[in-house]
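Written below as structure tokens is the structure these notes are about.
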Amino acid sequence: SLKNILEIWYPEVSHFCPNIPIILVGTKLELRDDKDTIQKLKKDKQTPISYHQGLTVAERIGAVKYLECSALTQMGLKT
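Laid out in structure tokens, this is it:
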């Protein structure tokens with residue numbers, strides 16, 4: 142989750158690996174439009190993470206890049 146990035150992962154990475162460039166990658170991009178996933182999230186009063194939300198967190202942690210991809214569809218993996 143984005144909360145875990147801010148509260149757990151970023152502090153740990155910046156502590157043990159200071160001064161390294163960070164690339165934040167949003168995975169499972171295909172689930173953003175998946176009806177079953179949206180319904181499950183809705184039950185918990187949540188929504189899929191938007192590109193803007195991911196980009197905002199990337200900016201907050203000083204990431205050099207924010208990317209999104211899907212291993213299933215290969216979106217964002219092949220250029």
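Letter by letter, the sequence shown follows residues 142 to 220 in my numbering. Even glycine gets a Cβ: it sits at the ideal position worked out from N, Cα and C. It should be emphasised that the depicted structure is a prediction, and the values quoted were computed from it without experimental measurement.
Spatial neighbours of residue i within its chain, please: C-beta separation below 8 Å, excluding the five flanking residues on both sides.
i: G203; result: I163
i: R201; result: L147
i: V154; result: I161, I163
i: L143; result: I190, Q194, G195, V198
Beta-carbon within less than 7 Å of residue i's beta-carbon, same chain only, minus the 5 sequence neighbours each way: which residues are those?
i: Q215; result: none
i: W150; result: none
i: L172; result: T178, P189
Per DSSP, which one or two residues make a beta bridge with residue i?
i: V166; result: L208
May I ask which residues mark the beginning and end of the alpha helix (DSSP H) holding residue i?
i: P152; result: 151-157
i: G203; result: Segment: none, G203 is in no alpha helix (DSSP H) and carries neither H nor E.
Please check the pair residue i and residue j, which I expect to be a contact at CB under 8 Å, by giving their CB distance rounded to whole angstroms.
i: T168; j: C210; result: 6 Å
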